[in-house]
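In order, the protein sequences belong to chains R and E. For the first sequence, this note's numbering assigns the number 757 to the initial residue and increments by one for each residue that follows. For the second sequence, this note's numbering assigns the number 806 to the initial residue and increments by one for each residue that follows. Quick reminder that beta carbons are idealized off the backbone N, C-alpha and C, glycines included. These notes are about the structure you will find just below.
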Amino acid sequence: MNWKRSLSGIGVALPIIALLGYGLTLDPRSLPNALPGSPAPEFALAVMDVPSDTVRLRDHAGQVLVLNFWASWCLECRHEHRILSETAEAYAGKDVVFYGVLYNDSPDNARSWIQEMGGQSYSNLLDNGTRMAIDYGLTGVPETVIISPEGQVVHKQIGVVTEALLRTKLDSLLAVRTAPQ
Amino acid sequence: MPEAAGRLHFARELGLTRILGLAAITTAFGLSIYGLIAAVLGARLQRANLVRSARAAAYANAGLLAAANVAMIYALVTHDFSVGYVAQVGSRASPLWVTIVSLWSALEGSILFWGLVLSAYTAVATWLTRDRLGAMGTYATATMLAVSAFFYLLLVGPANPFGRVFPVPIDGPGPNPLLQNHILMAVHPPLLYLGYVGMTVPFAFAIGAMLAGRLDDVWIRETRRWTVTAWMFLSLAIMAGMWWSYEVLGWGGYWAWDPVENASFMPWLTATAFLHSVMVQERRGMLRMWNLTLITSTFLLTILGTFLTRSGVISSVHAFSEGPIGIYFLVFISIILLVSLVLLTGRSSELKSEARIDAPMSRETVFLLNNLVFTVFTFTVLLGTLFPLVAEAVRGVKVSVGAPFFNRMTVPLCAMLLFLVGVGPVLPWRAADMQQLKKKLVVPGAAFLIAAVLGFAAGARNAYALLAFGFAAFALVCNLEEYVIGVRARRRAHGESLLSATGRLFAANNRRYGGYLAHIGLIMVAVGITASSTFRHEREATLTPGETFQSGKYTIRFEELWARDEPQRFSVGAEVSVFIRDRQVGTLHPKLNYYRGRDEPVPTPAVRSRLDRDLYLNLLAFQRDGSNATFTILVEPMVFWIWAGGFVVALGALLGVLPMRRRATINPMRKPAAEPAGV
């Protein structure tokens, strides 16, 4: 055994392995994103189950808005569906409005998906031509955008949301709103 | 039909495809562990029946992985969205060929396909060397089974493609649009896997040689064909990747030093170094330790490349979705490193070579220089690839290392390599006769000057471009000279015709002349890259229908916009007529494709490729009413030579491994004078 050689070999290999190990701790999805902190882009979308209705961003001035981009072909969306639906129910009547935004999917597929997942406590909007997705810089589904009562984007979640995250963000927004009173 | 559909439905309800796939990969995982243990014990205790059972496990795995892959393709084609992988990449709207090649379009499927290629290599290599190589062969089988066990572990664990999805989705998103936009996606990944995975075989025999203590060059001779074949596939894969990038990405380039391109390039560099340095060992008994190190590095770099593309460590256009798979790769890489280091250093005293280089002007010296350049090259690319990670670890900033760094560092190395490609074949082993050498270098030297002057006259002012043209001509003439000398000698000795003398020359020493052909291919690639990057001419123009635009010798006229609706995408294209000196020579249709599930359009540039230059049109934007369209108009000389050169490289490698009529040569170690400039 040539110890000198072994040590020099390990001397080269160890830093590379350590570096790769460090790389694994980074989140590759944490890309710099200009959206949080800036005014939410305006939109006007048809409601999936009431196509004659149109929802606009400005209709919800003064309310906290949670927009969840999803699709029935998206497997990760299944994991957050219950959380979103239950949180929406829990905050009903507190000036918090949830919308699902259907991304590259047909309303028929979406409806049977919701039925299979056991229903949904908030409505869905149809983003035809994925115009809104482009405006909101969507990188994929699921993504969730939280908008303050003043119309500022407060948070953009790439990937699945957690209940803790939703509650923290919503509670702090509602607290700021009620504080001056 | 209803009955058949009913049966299909029934099978799907039971999840038979999933169960079959799961059973196959789980059994393969178990068998690879068993085979590994049986092979090691069999070799240690000299128990032939244990060794035979280990081999049987290797053969069975090939069958099992074939079954698992067939099951997956069946699930994809029948749109069985209850299978996890199908739900992830399948789509009812995709054309059939896209559905089939979806097998390797995402993480889990690509590992499944990798497993198939690995199991096939393992089975065939084990079969061909059975009962011939003793403990070394058995340890090699054990090593291949150990590598297989790792990949099968991924398949039953973090990258299981046969997971169950419930409730079953109605449809899926389809594979990444960039991947379904060009037929080369059906070609590039399998070639890459054949190349990458093929490097496992020489690595396994190197480990086998070290474990069995057979440190002569038997392992090298036994695996030469495998190494060259894997190298050929890897070369073709890199070429196909470049071609795909040229035909799809719309910027008219073919190489961007993207981390994943680098990942495929690094093992190619070390493998090319290895192909040359083994000759020094075979001839002179030198570099034994180095060769073992090189092949281990090559194998490690293939695994590192796979790790980089699949762990999300480095962001890249190629990146697969990330998952917990990274940590598995990291542990695996550490184990290989540790085992190889222990084996190499444990044997280092036995690997010392008695031979020394006799003269500085000899082929050995050129091979040493070649290895030095390739090693520096590999480290440079590795540094550039990992640097963003270093910067983030040390200074917490996100940086990207782009083409300027890589070009500045590697262009001089490429020029040096071109010079060595020329001078290597001309120099004899041991020591050159200076008089003869001078005579041999007169014509190539003249070619160097002529090409450099021609390059200058054509407008090239960059010193490296002129050097590249010069060395390319130099190297081309040097390599052609070797054919001329060989053919002339045959004609004189046997009175053969030119054609049959050339044919017999190849047949008699296919390895050597195949190698020279690969050199010529590489020179073609080098000339193509230098010319297309030096004389590239790019324009951007917004045209109204009927309007013309001139670029170089081409005049283009934008005729009209058209649109086509396909199940999986919507395409908008432009009809563009191409004229040379008022004569219409063709029509091009660059287009933009809008895929479901992706916001940005994926371009399909239109290319008119000729021997001397390419006209490359890319549709950048258009008015919806068709009133105008914006194009990138690129004229790039000699791009065709890059692809043609790639095929010549592969052809050279193929000629080098084909079984040809062998001369009754004795071990060249004993009779070095028998062949003055042999390989």
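Proximity to E/Phe1427 [Cα-Cα], best of E/Arg1386, E/Gly1378, E/Trp1060, E/Leu1149: On the second sequence, position 622 is the one that residue 1427 of chain E refers to. Considering only alpha carbons, the answer is E/Gly1378.
Cβ contact (3+ pairs, closer than 8 angstroms) linking the stretch 854-864 of chain E and the stretch 940-949 of chain E: Short answer: they touch.
Cβ contact (3+ pairs, closer than 8 angstroms) linking the stretch 818-831 of chain R and the stretch 878-885 of chain E: Contact between the stretch 818-831 of chain R and the stretch 878-885 of chain E is absent, with fewer than three C-beta pairs closer than 8 angstroms.
Segment contact, 8 angstroms Cβ cut-off, at least three pairs: the stretch 1082-1100 of chain E with the stretch 1010-1024 of chain E: Flag = yes, the stretch 1082-1100 of chain E and the stretch 1010-1024 of chain E touch.
Interface positions of the stretch 870-883 of chain R facing chain E (Cβ-Cβ less than 8 angstroms), listed along the chain: Within the stretch 870-883 of chain R, the residues whose Cβ lies closer than 8 angstroms to some Cβ of chain E are Glu872, Met873, listed in chain order.
Whole-angstrom distance between E/Phe1137 and E/Gly1229, CA atom to CA atom: Within the second sequence, numbered from 1, the residue matching residue 1229 of chain E stands at position 424. Within the second sequence, numbered from 1, the residue matching residue 1137 of chain E stands at position 332. The alpha-carbon atoms of E/Gly1229 and E/Phe1137 are separated by roughly 38 angstroms.
Counted within 10 angstroms of its Cβ, other Cβ atoms place E/Leu1304 as buried (16 or more) or exposed: What you label residue 1304 of chain E is simply residue 499 of the second sequence in a count that begins at 1. The residue in question, E/Leu1304, is exposed, as its Cβ has fewer than 16 Cβ neighbours within 10 Å.
E/Ala940 versus E/Glu1155 - alpha carbon distance: Counting from one through the second sequence, the residue named residue 940 of chain E turns up at place 135. Counting from one through the second sequence, the residue named residue 1155 of chain E turns up at place 350. When only Cα atoms are considered, E/Ala940 and E/Glu1155 end up about 18 angstroms apart.
Exposure label - R/Glu836; buried when at least 16 CB within 10 Å: In the first sequence, the residue the question calls residue 836 of chain R occupies position 80. Classification for R/Glu836: buried.
Exposure of R/Ala920, with buried meaning 16 or more beta-carbon neighbours within 10 Å: As a working note, residue 920 of chain R is residue 164 in the first sequence. Around the Cβ of R/Ala920, a 10 Å sphere holds fewer than 16 other Cβ atoms; the residue is exposed.
Distance, E/Glu1197 Cα to E/Ala1278 Cα: Taking the second sequence and counting its residues from 1, the one referred to as residue 1278 of chain E is at position 473. Taking the second sequence and counting its residues from 1, the one referred to as residue 1197 of chain E is at position 392. Roughly 44 angstroms between the two C-alpha positions.
Reduced DSSP category for E/Asn866 - H, G, I as helix; E, B as strand; rest coil: Numbered from its first residue, the second sequence carries residue 866 of chain E at position 61. Three-state DSSP puts E/Asn866 in a helix.
Closest residue to E/Met877 among E/Tyr864, E/Thr1028, E/Thr904, E/Val1085 (Cα-Cα distance): For the purposes of this step, residue 877 of chain E is taken as the residue at position 72 of the second sequence. For E/Met877, the nearest C-alpha among the options comes from E/Thr904.
Contact check, R/Leu909 vs R/Ala802, beta carbons under 8 angstroms: In the first sequence, residue 909 of chain R corresponds to position 153, counting from 1. In the first sequence, residue 802 of chain R corresponds to position 46, counting from 1. For the record, residue 909 of chain R in the displayed sequence is Val; it is not Leu. With respect to the 8 angstroms criterion, R/Val909 and R/Ala802 are not classified as neighbours on the basis of their beta carbons.
Where the beta strand (DSSP E) containing R/Ser879 begins and where it ends: Numbered from its first residue, the first sequence carries residue 879 of chain R at position 123. Membership of R/Ser879 in the beta strand (DSSP E) is indicated by the continuous run 879-882.
Proximity below 8 angstroms, CB of E/Glu1052 to CB of E/Pro1395: Against the second sequence, residue 1052 of chain E aligns to sequence position 247. Against the second sequence, residue 1395 of chain E aligns to sequence position 590. No, the pair does not count as a contact, with Cβ atoms beyond the cut-off.
With 16 other Cβ atoms within 10 Å as the buried cut-off, status of E/Arg1468: Sequence index remark: in the second sequence, residue 1468 of chain E carries index 663 (1-based). Legend: pLDDT at E/Arg1468 = 48, less than 50; position of this residue unreliable, value from coordinates given subsequently. Exposed, by the Cβ-count rule.
C-alpha gap between E/Asn981 and E/Tyr1399, whole angstroms: Working through the second sequence from its first residue, we reach residue 981 of chain E at position 176. Working through the second sequence from its first residue, we reach residue 1399 of chain E at position 594. Going by the C-alpha atoms only, they are around 12 angstroms apart.
Test: E/Val1377 CB closer than 8 angstroms to a CB of chain R: Here residue 1377 of chain E refers to the residue found at position 572 when the second sequence is read from its first residue. Chain R contact via Cβ: absent.
Per-residue burial, E/Met1474 [other beta carbons within 10 Å of its own, 16 or more giving buried]: Position 669 of the second sequence, counting from 1, holds the residue named residue 1474 of chain E. Note on E/Met1474: pLDDT 42, under 50, position unreliable in the model; no value is reported.
Beta carbon proximity, E/Gln893 to chain R, threshold 8 angstroms: Taking the first residue of the second sequence as 1, we reach residue 893 of chain E at position 88. So yes, E/Gln893 belongs to the interface.
Exposure label - R/Val768; buried when at least 16 CB within 10 Å: Translated into positions along the first sequence, residue 768 of chain R becomes position 12. Classification for R/Val768: exposed.
Own chain residues within Cβ distance below 6 angstroms of E/Arg1296, not counting five before or after: What you label residue 1296 of chain E is simply residue 491 of the second sequence in a count that begins at 1. Closer than 6 angstroms at Cβ, skipping near neighbours: Ala1306.
Beta-ladder partner(s) of E/Ile1361, from DSSP: Position 556 of the second sequence, counting from 1, holds the residue named residue 1361 of chain E. Beta-bridge partners of E/Ile1361 (DSSP): E/Phe1354, E/Val1383.
Opening and closing residue of the alpha helix (DSSP H) in which E/Phe1436 lies: What you label residue 1436 of chain E is simply residue 631 of the second sequence in a count that begins at 1. Counting along the chain, E/Phe1436 falls outside any alpha helix (DSSP H), though it belongs to the beta strand (DSSP E) covering 1434-1442.
Contacting residues, own chain, Cβ-Cβ under 8 angstroms from E/Pro974 (five flanking each side not counted): Taking the second sequence and counting its residues from 1, one reaches residue 974 of chain E at position 169. Hits under 8 angstroms: Phe886, Ala892.
Residue-chain proximity (E/Gly820, chain A), Cβ-Cβ < 8 angstroms: Of the protein chains in the structure, R and E, none is chain A.
Those residues which DSSP pairs with E/Ala1449 across a bridge: In the second sequence, the residue the question calls residue 1449 of chain E occupies position 644. Within the DSSP bridge table, the entry for E/Ala1449 names no partner.
Closer than 8 angstroms to chain R by CB, E/Glu1108: On the second sequence, position 303 is the one that residue 1108 of chain E refers to. The amino acid occupying residue 1108 of chain E in the given sequence is Ile; Glu does not appear at that position. No, no contact with chain R.
Coarse secondary structure for E/Gly1090, derived from DSSP in three states: By 1-based counting over the second sequence, the position of residue 1090 of chain E is 285. The DSSP-derived three-state label of E/Gly1090 is coil.
Residue-chain proximity (E/Pro972, chain R), Cβ-Cβ < 8 angstroms: On the second sequence, position 167 is the one that residue 972 of chain E refers to. Interface criterion met: the Cβ of E/Pro972 is under 8 angstroms from a Cβ in chain R.
Beta carbon proximity, E/His1123 to chain R, threshold 8 angstroms: The sequence position of residue 1123 of chain E within the second sequence is 318, counting from 1. Caution applies to E/His1123, whose pLDDT of 48 falls short of 50 and renders its modelled position unreliable; the value that the coordinates give is listed next. Interface residue (Cβ-Cβ distance to chain R less than 8 angstroms): E/His1123 is not classified as such.
Exposed unless 16 or more other CB atoms sit within 10 angstroms - verdict on E/Glu913: For this step, residue 913 of chain E is matched to residue 108 along the second sequence. The residue in question, E/Glu913, is buried, as its Cβ has 16 or more Cβ neighbours within 10 Å.
Contacting positions in the stretch 815-844 of chain R - beta carbon closer than 8 angstroms to chain E: Flagged, chain order: Ala827, Ser828, Trp829, Cys830, Leu831.
The stretch 1150-1175 of chain E: positions lying closer than 8 angstroms to chain R by Cβ: Sequence-ordered contacts of the stretch 1150-1175 of chain E with chain R read Thr1150, Gly1151, Ser1153, Ser1154 [C-beta pairs closer than 8 angstroms].
8 angstroms Cβ shell around E/Ala1458 - same chain, five flanking residues per side excluded: Here residue 1458 of chain E corresponds to residue number 653 of the second sequence, with the count starting at 1. Taking C-beta separations shorter than 8 angstroms and ignoring five residues to either side along the sequence, the partners of E/Ala1458 in its chain run Val1033, Thr1034, Trp1036, Met1037, Ser1040, Gly1319, Ala1323, following chain order.
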